[in-house]
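One structure is given below, encoded as C-alpha cells.
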Amino acid sequence: MRAFTCGIDDLRLTPEGEANRSRELNGAQDAGLGVAAAYVSLKDQAPTDKDPELLRRLEGVMRDDSKQEGLDLLMNKMSASVSSSVTKACLPVGLEKPFPHNHMQAMTISGAKGGNVNANLISCNLGQQVLEGRRVPLMVSGKSLPCFPEFDTSLRAGGYIVNRFLTGIRPQEYYFHHMAGREGLIDTAVKTSRSGYLQRCLIKGMEGLEVAYDSSVRDSDGSLVQFLYGEDGLDVTKQKYLTDFSFVLHNLESEMSDFKFSDPRTAGLFEHKDEFFKQSKRMLKRSNVNAGFADEPVNALVNPAKHAFAMSEKFFGLMSTYVRENKDRLIKDKESRGDDQSTSRLPFDQASMGKRSVERVFAAKYLRSQVEPGEAVGIVAGQSVGEPSTQMTLNTFHLAGHSAKNVTLGIPRLREILMTASANISTPAMTLVLRPDLTHQEGEHFAKTIGMLPLSHILDKIAVKERVGRGIGHPYAKIFDVRLDFFASDEYEAIYAVQASDVLDTVEKRLLPVLRKLITKATKQNEKGQSSASIPDVGVKAGVIEVSRTGNEDSHGDDEQRDDGSDDDNDDGDNDATSAKQRRNRNEAVSYGPNDEEDDDIRIRMERDVTTEEDLPDDEGYVGSPPSVMTHNAQAGENERASDSEASDEEDSAQPGGDVQGDTEQGGSEARQARVKSGNTNITRFRADENAGEWCEFALELPADSPKILMLSVVEDAVRRSVVRQIPGVKSCTYVADEVVKDSRTGIEVKVPVVHTEGTNIRTIQQFSDFFDPNKLATNDIVAMLEVYGVEACRNTIIRELSTVFVSHGIGVDNRHLNLIGDFMTRGGGFMPFNRYGLKGNVSPFTKMSFETTLAFLKDALVDGDWDGLVTPSSRIVMGRLGKTGTGSFDVLTSVPIQHFDPMQGLRTT
Numbered sequence: 001m002r003a004f005t006c007g008i009d010d011l012r013l014t015p016e017g018e019a020n021r022s023r024e025l026n027g028a029q030d031a032g033l034g035v036a037a038a039y040v041s042l043k044d045q046a047p048t049d050k051d052p053e054l055l056r057r058l059e060g061v062m063r064d065d066s067k068q069e070g071l072d073l074l075m076n077k078m079s080a081s082v083s084s085s086v087t088k089a090c091l092p093v094g095l096e097k098p099f100p101h102n103h104m105q106a107m108t109i110s111g112a113k114g115g116n117v118n119a120n121l122i123s124c125n126l127g128q129q130v131l132e133g134r135r136v137p138l139m140v141s142g143k144s145l146p147c148f149p150e151f152d153t154s155l156r157a158g159g160y161i162v163n164r165f166l167t168g169i170r171p172q173e174y175y176f177h178h179m180a181g182r183e184g185l186i187d188t189a190v191k192t193s194r195s196g197y198l199q200r201c202l203i204k205g206m207e208g209l210e211v212a213y214d215s216s217v218r219d220s221d222g223s224l225v226q227f228l229y230g231e232d233g234l235d236v237t238k239q240k241y242l243t244d245f246s247f248v249l250h251n252l253e254s255e256m257s258d259f260k261f262s263d264p265r266t267a268g269l270f271e272h273k274d275e276f277f278k279q280s281k282r283m284l285k286r287s288n289v290n291a292g293f294a295d296e297p298v299n300a301l302v303n304p305a306k307h308a309f310a311m312s313e314k315f316f317g318l319m320s321t322y323v324r325e326n327k328d329r330l331i332k333d334k335e336s337r338g339d340d341q342s343t344s345r346l347p348f349d350q351a352s353m354g355k356r357s358v359e360r361v362f363a364a365k366y367l368r369s370q371v372e373p374g375e376a377v378g379i380v381a382g383q384s385v386g387e388p389s390t391q392m393t394l395n396t397f398h399l400a401g402h403s404a405k406n407v408t409l410g411i412p413r414l415r416e417i418l419m420t421a422s423a424n425i426s427t428p429a430m431t432l433v434l435r436p437d438l439t440h441q442e443g444e445h446f447a448k449t450i451g452m453l454p455l456s457h458i459l460d461k462i463a464v465k466e467r468v469g470r471g472i473g474h475p476y477a478k479i480f481d482v483r484l485d486f487f488a489s490d491e492y493e494a495i496y497a498v499q500a501s502d503v504l505d506t507v508e509k510r511l512l513p514v515l516r517k518l519i520t521k522a523t524k525q526n527e528k529g530q531s532s533a534s535i536p537d538v539g540v541k542a543g544v545i546e547v548s549r550t551g552n553e554d555s556h557g558d559d560e561q562r563d564d565g566s567d568d569d570n571d572d573g574d575n576d577a578t579s580a581k582q583r584r585n586r587n588e589a590v591s592y593g594p595n596d597e598e599d600d601d602i603r604i605r606m607e608r609d610v611t612t613e614e615d616l617p618d619d620e621g622y623v624g625s626p627p628s629v630m631t632h633n634a635q636a637g638e639n640e641r642a643s644d645s646e647a648s649d650e651e652d653s654a655q656p657g658g659d660v661q662g663d664t665e666q667g668g669s670e671a672r673q674a675r676v677k678s679g680n681t682n683i684t685r686f687r688a689d690e691n692a693g694e695w696c697e698f699a700l701e702l703p704a705d706s707p708k709i710l711m712l713s714v715v716e717d718a719v720r721r722s723v724v725r726q727i728p729g730v731k732s733c734t735y736v737a738d739e740v741v742k743d744s745r746t747g748i749e750v751k752v753p754v755v756h757t758e759g760t761n762i763r764t765i766q767q768f769s770d771f772f773d774p775n776k777l778a779t780n781d782i783v784a785m786l787e788v789y790g791v792e793a794c795r796n797t798i799i800r801e802l803s804t805v806f807v808s809h810g811i812g813v814d815n816r817h818l819n820l821i822g823d824f825m826t827r828g829g830g831f832m833p834f835n836r837y838g839l840k841g842n843v844s845p846f847t848k849m850s851f852e853t854t855l856a857f858l859k860d861a862l863v864d865g866d867w868d869g870l871v872t873p874s875s876r877i878v879m880g881r882l883g884k885t886g887t888g889s890f891d892v893l894t895s896v897p898i899q900h901f902d903p904m905q906g907l908r909t910t
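Here is the structure:
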C-alpha cells in the first residue's frame with residue numbers, strides 16, 4: 001500500500017516538454033492574423049498586422065456586432081486547435097513523472113477528482129477565455145486593453161492566455177481570467193434558484209409515474225404514459241454491462257449464481273425461443289432493407305417480464321453478432337454431451353458453454369436487467385434531468401462553425417421546453433437536408449434565395465449632404481441630398497435572384513415610409529431632449545432659454561409628465577442630480593438569465609407599441625424574382641405569391657401610377673417620382689436608375705428650425721430595416737456542404753449538404769420540397785412541429801432538443817429519462833408544460849395545492865366539488881399515509897395457521 005501525495009514534481013514538464021510547449025505557442029503567434037485576414041478577404045495579399053487596409057477593414061468589423069461575432073467564432077475555433085496541440089505535446093508524455101507514478105495524472109485519469117482540464121490549466125496554459133460564447137470585448141478605441149495595439153489580431157489580445165498556474169500569469173491575462181471568473185460567479189449565484197425550481201417542477205409533475213406489473217408506465221390515476229418503460233423495459237442502473245458480453249462470460253458465476261435455473265417455475269421463462277428469434281430476425285431484416293413499416297418487435301407483442309427471449313431488437317442484434325463472430329473464443333462451436341438443453345440446469349463450466357447455453361445466459365441477464373414493478377420512474381427522471389442542470393450556465397452559446405446556428409442552450413432552453421412550452425422561442429432555427437442531386441452552386445443559390453435579403457446587402461455606399469436654403473415646402477429649410485449606390489445589377493441578380501425593379505420597388509414602398517417614420521421619431525426625441533435640458537444655445541444666456549421655454553412647458557406640462565413619468569425637470573441642485581442618477585440606474589439595469597413569462601409579455605407589448613405598420617414591409621409574402629434553378633412547381637407557387645403581393649400593394653397604396661411595369665412603359669422615372677412625392681410630403685426630388693438599377697437619389701426637406709438630426713445614421717437604420725425579399729419568420733440562411741448528421745433509421749453518422757435557417761416557417765418552406773427532403777426537416781420549434789407534423793414528431797423533437805442541450809455541455813443523461821419526459825408532455829395529444837397550467841389536469845387537489853398558489857387551487861376544488869382519492873404521493877404525504885410507489889405499491893401476505901384451540905386440552909393433559 002502506498003500513500004497518495006501530490007507535489008510540484010507531478011506538475012512539472014521535462015526540458016523536452018517545455019521545448020515542445022514553447023514551440024507550439026510560438027508557432028501560433030500569427031494564427032490570429034491569418035484568420036483575421038481571411039475573414040476580411042485579404043488572405044491572398046498576405047498583410048502584416050500593421051497593414052492600413054487590414055486595420056481599416058477590421059475597424060468596420062468591430063463596428064458591426066454581427067461581423068465581430070463571426071470573427072469571434074473563427075478565432076475561438078483557432079484557439080481551441082492551438083490548445084489541443086499544446087496539450088498533446090505536453091501531456092502526458094512531457095511530464096517529469098510518468099503515469100501511474102504521477103499522482104496528479106492518476107487522480108484525474110481515474111476520475112477520483114478533477115479532470116484533464118485541471119491538469120492542462122496547471123501544466124500547459126489557461127487557453128481562451130470565453131464570455132457568453134464570445135471573446136473579450138473591445139473598447140471604442142479598438143483595444144481589448146490599453147497595453148495592446150488597436151485592432152490587434154493576436155490571440156493574446158482577444159483573451160487567449162498562454163501562461164499557466166504553475167509558473168504564474170501576466171497581469172493582462174490575469175485580468176482576462178477574472179472577467180471569465182466573474183461571469184462564472186454570476187452564473188453560479190443565479191442558476192441555483194433557476195435549476196432548483198426546474199427540478200421541483202419536473203418532480204412535482206411526474207411524481208406519480210411508476211412501472212405497473214404489466215411493464216407499462218402509468219400515472220397515479222391509472223392513465224397510460226408508456227407501454228414499455230424506456231421503449232425497452234430496462235432499468236437504467238442495471239444495463240451498464242448488459243451488452244458487455246465478454247464481461248458477463250468472464251464473471252459467469254457471480255452474474256448467474258442466484259438465478260435458479262433448476263426451479264421448474266424458471267423453466268417457463270425460456271420457452272418459445274425459436275418463435276421469438278424468428279420474429280426478431282425477420283424484423284431486423286426488413287428494417288435494414290428499407291425505411292418503411294417494419295414488424296412489431298417481440299417485446300411489444302408479449303410481456304418481456306414473463307419471457308426471457310422477448311428482448312429488444314437492438315439487444316438481439318448485438319447478441320447475435322457476438323455469438324456468431326465469437327471473437328473472444330469463449331463459446332464452444334458445438335454443445336458438449338453433458339449439456340442437455342432439455343433440462344433446466346445450466347453448467348457454469350465455461351469449457352462446456354455452447355451457443356444455446358450462452359444465449360440462455362444472455363437472456364437471463366437481460367431479464368434481470370428489466371425495471372422492477374413499482375419503480376418510481378417519474379421521480380428518477382425528474383432528478384436525472386434536474387440535477388445536471390446545475391452544471392450548466394445560463395447564457396446563449398453558439399454551436400461551432402456557423403453564426404446562423406446561434407441557439408439558446410443551458411437552463412434558458414430547458415425552461416423554454418419544459419416549464420413554458422413556449423410557442424415563441426428566442427432563437428428558432430431549421431435544418432434542411434438537401435437532395436443529393438443538387439450541385440454545390442445550386443445549394444448555395446437556394447440558401448440565398450430563401451433567406452431574408454435586406455436592402456443593405458446590395459447597397460455599396462450611402463452619401464448624405466446637408467445644406468440650408470430656400471425650399472419648396474418651406475420658405476427656409478434644411479435640405480438633405482441622399483444618394484444610394486447599389487452594387488452592379490448583374491451581380492446581385494445572379495447572387496440573390498432579384499431584379500432591378502425589385503430593388504427600386506423596395507426603395508419606394510419600404511425604405512421611404514420607414515425613413516419618414518424614423519425622421520419623425522428622431523425629431524420628437526430631440527425636441528423632448530431640448531425642452532428638458534438646461535443647456536443653452538451658443539451665444540444665449542441660460543436664463544433666457546429657461547424663461548422662453550416656460551410657456552411651452554406650461555402649455556404641455558401634462559403631456560410631458562405623462563411621457564416622462566415624473567416631473568424631475570423642475571427640480572434643481574442635488575435633487576436634479578439624484579433624479580438623473582435614478583433614471584440612469586433604471587436604464588442601465590441588467591437582468592442576468594432569461595425573462596419570466598410576465599417579462600416576456602411586457603417586452604412583446606412594448607415592441608408592439610414601438611413598431612408600427614410603417615416599420616414593417618407592406619407585404620409579408622415571398623417577394624422578389626424566383627431563382628433560375630427552381631423547378632416548375634416552385635416557380636408556379638412563387639409567381640402566385642408575387643401576384644398576390646402585387647395585388648395587395650395596389651389595393652393598399654391606392655396611388656396614381658399603376659404597377660411598375662406599366663409605369664416603366666409609360667415613362668418610368670417620372671411616374672415613380674410622382675408617386676414618391678405624393679406619398680412622402682418631405683421628399684421634393686426623386687431620381688433613380690430605371691434601366692440598370694444601380695443608384696437612386698432623393699432630396700429631403702425639413703423646416704429650418706427643426707432639431708439637429710444625424711441624417712446619415714437615420715438613413716443607414718432605414719436601409720437595414722427595408723427588406724427586398726423575405727419568407728415570413730425566416731432570416732439568414734447558411735449553406736453547409738458536408739454537415740455530419742445521424743441517420744434516423746440506421747443511427748450512422750453521414751455527411752450531407754444542409755441549409756441552416758435562422759427562424760422557422762415550415763409550411764412555406766415545404767413549397768420548396770424539390771430542393772430538400774421534407775421528411776428529414778428538423779427544427780427546434782416544438783410547437784411548429786406539432787402543428788405541421790403531429791404529436792409523434794413533436795415528441796421526438798422534445799427528446800432531441802433535450803438531448804442537444806445536455807450533449808452541448810458534455811453531460812450524459814440516459815435516453816430513457818428523456819423518452820419518459822417526452823411521452824408525459826405529449827400524452828394528451830398536445831404539448832403540456834411542467835407548470836401550474838400543466839398541473840391543472842392532475843386529479844388530486846392536494847397535489848396541486850402542494851405545488852404553488854395553494855388558495856387558488858383550494859378555491860377551484862371547493863367550487864367544483866372535487867374530491868381526492870389519496871392516490872398521488874403528495875396527497876398521501878399530506879394525510880400522513882405511506883406512498884403507493886416503490887415498496888408501498890404492494891402488500892405482504894402471510895399464511896396464518898388455522899387450528900382450533902381447545903382450552904380444555906391442557907386440563908385433560910394434567
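Read in order, the letters of the sequence shown correspond to residues 1 to 910 in the UniProt record's numbering. Glycine residues also receive a C-beta, built at the ideal position from the N, C-alpha and C atoms.
Relative to the C-alpha of residue i, which residue among the options is closest?
i	options	result
Thr779	Ile425, Leu870, Pro475, Asp437	Ile425
Ser769	Val754, Leu434, Met879	Leu434
Asp481	Phe698, Phe277, Leu131	Phe698
Met206	Tyr213, Gln226, Asp187	Gln226
Ser422	Val783, Pro873, Gly880	Val783
Lys751	Asn761, Thr760, Asp738	Asp738
Gly374	Ile898, Ser895, Thr885	Thr885
Ser384	Met139, Phe446, Ser195	Ser195
So what does DSSP say about residue i, is it helix, strand or coil?
i	result
Gly593	With a pLDDT of 41 at Gly593, under the threshold of 50, the modelled position of this residue cannot be trusted, and the question is left open.
Ala688	strand
Arg725	strand
Glu758	strand
Phe698	strand
By Cβ distance below 6 Å, which residues in the same chain neighbour residue i in space, the five residues on each side in sequence not counted?
i	result
Asp866	Pro845
Tyr496	Lys448, Leu453
Leu242	Ser369
Glu24	Ser85, Val86, Ala89
Rounded to whole angstroms, what's the CA-CA distance from residue i to residue j? Just pull it up for me.
i	j	result
Ile109	Leu228	38 Å
Leu818	Ala381	8 Å
Val377	Lys278	32 Å
Tyr197	Tyr837	16 Å
His402	Asp51	Model confidence at His402 stands at a pLDDT of 39, short of 50, so the residue's coordinates are unreliable; what they give is reported in the following sentence. So the two alpha carbons sit approximately 28 Å from each other.
Leu209	Ile379	7 Å
Val464	Arg483	7 Å
Pro137	Val407	20 Å
Lys240	Arg415	30 Å
Val740	Lys776	14 Å
Glu271	Gly443	56 Å
Arg324	Ser246	14 Å
Leu91	Gly184	27 Å
Below 8 Å CB to CB, which residues in the same chain sit around residue i once its five sequence neighbours on both sides are set aside?
i	result
Val892	none
With a threshold of 7 Å, establish whether the CB of residue i neighbours any heavy atom of the ligand ADP.
i	result
Val736	Annotation note on the ligand ADP: not contained in the displayed structure, which lists no ligands.
Between residue i and chain D, is the shortest Cβ-Cβ distance under 8 Å, so that the two count as touching?
i	result
Ile161	Within the model displayed, chain D is absent; a lone protein chain is all it includes.
Stretch pair the stretch 163 to 175 + the stretch 796 to 816: three plus CB contacts closer than 8 Å:
Segments in contact, no.
Under 8 Å, with one C-beta from each stretch per pair, do the stretch 409 to 416 and the stretch 209 to 229 reach the 3-pair mark?
No: fewer than three Cβ pairs fall under 8 Å.
Inter-stretch contact (C-beta, 8 Å, three-pair minimum) for the stretch 254 to 261 and the stretch 361 to 369:
Enough Cβ pairs lie closer than 8 Å, so yes.
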